[in-house]
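One line per chain: the protein sequences are A and B, in this order. The first sequence begins at 12 in the numbering used here and counts up one residue at a time. The second sequence begins at 79 in the numbering used here and counts up one residue at a time. The block underneath contains the structure these notes are about, expressed in C-alpha cells.
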Amino acid sequence: DGGITQSPKYLFRKEGQNVTLSCEQNLNHDAMYWYRQDPGQGLRLIYYSQIVNDFQKGDIAEGYSVSREKKESFPLTVTSAQKNPTAFYLCASSIDRGYQETQYFGPGTRLLVL
Amino acid sequence: GESVGLHLPTLSVQEGDNSIINCAYSNSASDYFIWYKQESGKGPQFIIDIRSNMDKRQGQRVTVLLNKTVKHLSLQIAATQPGDSAVYFCAERGGAGGTSYGKLTFGQGTILTVHP
Chain A
12 DGGITQSPKY LFRKEGQNVT LSCEQNLNHD AMYWYRQDPG QGLRLIYYSQ IVNDFQKGDI
72 AEGYSVSREK KESFPLTVTS AQKNPTAFYL CASSIDRGYQ ETQYFGPGTR LLVL
Chain B
79 GESVGLHLPT LSVQEGDNSI INCAYSNSAS DYFIWYKQES GKGPQFIIDI RSNMDKRQGQ
139 RVTVLLNKTV KHLSLQIAAT QPGDSAVYFC AERGGAGGTS YGKLTFGQGT ILTVHP
C-alpha cells in the first residue's frame, strides 16, 4: 500500500522543548515538502528537499530544521525558537523533473503547546 | 470564488445540486493546475489536474475548466453529495520565464457545505 505516512497524529510540546515530526513515503518520489497550516488559512512552505542530503528553506523556515538522509524520510524538528508552533503540519512528496509535478500529502500532525 | 493568497469563501448547496468552485490565479506564465480536497483534520487529497494546453478536463463527477484569457480556474462537481463537504483549493505551477518557475503555489481554499 503506497503512500505518505506522518506520525504522530497529535503531538504536545512543552515550553523550550524541541519536537520532531516524522514523514515517510514509499512512492519513490525525489522531492519532499513540509507545510504549516493554520485555521482558515492556506499552506505555507517551511522546507523542501529535491534530493537526498539537500534541502532549501521555504517561506517560514525560522524556528524549524530538517534533514534528508534517506530518500524515503524527511523529518521536521520544531525547535524552541519557534514561538508559535501550534498548527497542523503537512508533509508532501512529488516527482521532481526540474519542475514540480503533483504533490501528494500525508494525513498531517497536529502540534499543540502545553 | 477564491483568489490565490486571499480570503476563505464559502459555498453552500443542497444534495444533488451541481457545485462550482472558482479560483483566480495571478501568474499568466503558470503551466499546470491542480485541485485538492481537504476534509476536516485530514491531509489534502488530489482530485484532478489540468495543463495549460487544455481548457477542460473531466473526471468522475468532476470537471475542471481553465480560462487562460482571464486567468480563471473552476471545479465543477456534479450531483454534489454530503461526503463532498470539505475545503477545496487550487494550486498553480509557475511556467517558464517566471520567477516561480516549476514551483507550486497553493490558494487558501473554498469551504463547500452540502446540505442533505
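For glycine and all other residues, C-beta sits at the position ideal for the given N, C-alpha and C.
Fill in: Host beta strand (DSSP E) of PHE99/A (start-end)
The residue labelled residue 99/A in the question sits at position 88 within the first sequence. PHE99/A -> beta strand (DSSP E) spans 98-105.
Practice prompt. Measure from the C-beta of LEU151/B to each C-beta in chain A and report whether the shortest distance is under 7 Å.
Written response: Along the second sequence, read from residue 1 onward, the residue named residue 151/B stands at position 73. Not closer than 7 Å to any Cβ of chain A, the Cβ of LEU151/B fails to qualify, so no.
Worksheet item: Taking all protein chains shown into account, do 16 or more other C-beta atoms lie within 10 angstroms of the C-beta of TYR166/B, making it buried, or fewer, making it exposed?
Response: In the second sequence, the residue the question calls residue 166/B occupies position 88. Classification of TYR166/B: buried, given that the 10 Å Cβ count is 16 or more.
Worksheet item: Hey, HIS40/A and SER105/A are a contact pair by Cβ (cut 8 Å); roughly how many whole angstroms apart?
Response: Sequence index remark: in the first sequence, residue 40/A carries index 29 (1-based). Sequence index remark: in the first sequence, residue 105/A carries index 94 (1-based). With a Cβ gap of about 6 Å, HIS40/A and SER105/A count as contacting.
Worksheet item: Is THR188/B closer than 7 Å to PRO87/B when the C-beta atoms are compared?
Response: Residue 87/B sits at position 9 when you count from the first residue of the second sequence. Residue 188/B sits at position 110 when you count from the first residue of the second sequence. In this structure, THR188/B lies closer than 7 Å to PRO87/B by Cβ.
Worksheet item: Should ASP133/B go down as buried or exposed, given a rule of 16 or more other Cβ atoms within 10 Å for buried?
Response: Counting from 1 along the second sequence, the entry for residue 133/B is found at position 55. Exposed: under 16 other Cβ atoms inside 10 Å.
Discussion item. Pop quiz: GLN8/A and GLN186/B are said to be a contact at Cβ under 8 Å. What is the actual Cβ separation, rounded to whole angstroms?
Written reply: Nothing can be reported for residue 8/A, as the shown portion of chain A is limited to 12 through 125.
Worksheet item: Cβ atoms of GLU93/B and VAL192/B: under 7 Å apart, would you say?
Response: Reading the second sequence from its first residue, position 114 is the one you call residue 192/B. Reading the second sequence from its first residue, position 15 is the one you call residue 93/B. Going by C-beta atoms, VAL192/B is nearer than 7 Å to GLU93/B.
Worksheet item: Using the C-alpha atoms, what's the distance from ILE125/B back to LYS173/B?
Response: As a position in the second sequence, residue 173/B is number 95, starting the count at 1. As a position in the second sequence, residue 125/B is number 47, starting the count at 1. The question names Lys, but residue 173/B in the sequence shown is Gly. Going from the Cα of GLY173/B to the Cα of ILE125/B covers about 21 Å.
Worksheet item: Among LEU143/B, ASN131/B, ASP127/B, TYR114/B, which one has its Cα closest to the Cα of ALA107/B?
Response: Within the second sequence, residue 107/B is the residue found at index 29, counting from 1. Ranking the options by Cα distance to ALA107/B, first place goes to ASN131/B.
Discussion item. Please tell me whether, using a cut-off of 6 Å, the distance from the CB of TYR114/B to the nearest non-hydrogen atom of the ligand COA is below it.
Written reply: In the structure shown, the ligand COA is absent, as is every other ligand, since no ligand is present at all.
Discussion item. Against chain A, which members of the segment 168-193 of chain B pass a CB distance test of less than 8 Å?
Written reply: ALA169, ARG171, TYR179, GLY180, LYS181, LEU182, PHE184, GLY185, GLN186, GLY187
Practice prompt. Tell me where the beta strand (DSSP E) around ALA40/A begins and ends.
Written response: Start at 1 with the first residue of the first sequence, and residue 40/A comes out as number 29. First, the residue type needs correcting, since residue 40/A is His and not Ala in the sequence shown. First-last for HIS40/A: undefined, no H or E at that position.
Discussion item. Suppose the cutoff is 8 Å on Cβ atoms and the five residues either side in sequence are ignored; what does the same chain contact list for GLY27/A look like?
Written reply: Numbered from its first residue, the first sequence carries residue 27/A at position 16. Answer for GLY27/A: SER91, listed in chain order.
Fill in: Under 7 Å by beta carbon: chain B residues contacting GLY51/A
Within the first sequence, residue 51/A is the residue found at index 40, counting from 1. Within 7 Å Cβ-Cβ: LEU86.
Fill in: ALA72/A versus ARG79/A, VAL89/A, LEU101/A, residue with shortest Cα-Cα distance
Translated into the one-based positions of the first sequence, residue 72/A becomes position 61. Comparing Cα positions, the closest option is VAL89/A.
Practice prompt. Could you tell me which chain B residues have their CB closer than 7 Å to the CB of LEU54/A, listed as they occur along the chain?
Written response: Numbered from 1 along the first sequence, position 43 holds the residue referred to as residue 54/A. Within 7 Å Cβ-Cβ: PHE184.
Worksheet item: Under a CB-based cut-off of 7 Å, is PHE124/B close to chain A?
Response: On the second sequence, residue 124/B is found 46 positions in, with the first residue counted as 1. It does: the Cβ of PHE124/B has a partner Cβ on chain A nearer than 7 Å.
Fill in: Exposure of GLU80/A, with buried meaning 16 or more beta-carbon neighbours within 10 Å
What you label residue 80/A is simply residue 69 of the first sequence in a count that begins at 1. Flag for GLU80/A reads exposed.
Practice prompt. Could you pull the start and end residues of the beta strand (DSSP E) that SER90/B belongs to?
Written response: Looking up residue 90/B in the second sequence gives position 12. 88-92 is the extent of the beta strand (DSSP E) around SER90/B.
Discussion item. For chain A, check one thing: does any of its Cβ atoms lie closer than 7 Å to the Cβ of GLY137/B?
Written reply: Indexing the second sequence from 1 puts residue 137/B at position 59. No, GLY137/B lies away from the interface with chain A (no Cβ there is under 7 Å from its Cβ).
Item to complete: Please name the residue, chosen from LYS94/A, PRO96/A, ILE15/A, that lies closest to TYR44/A on a Cα-to-Cα basis.
Response: To locate residue 44/A, count along the first sequence from 1; it is residue 33. Nearest C-alpha to TYR44/A: ILE15/A.
Worksheet item: Where DSSP assigns a beta bridge to GLY172/B, which residues make up the other side?
Response: Position 94 of the second sequence, counted from the start, is the residue given in the question as residue 172/B. BP columns for GLY172/B point to TYR179/B.
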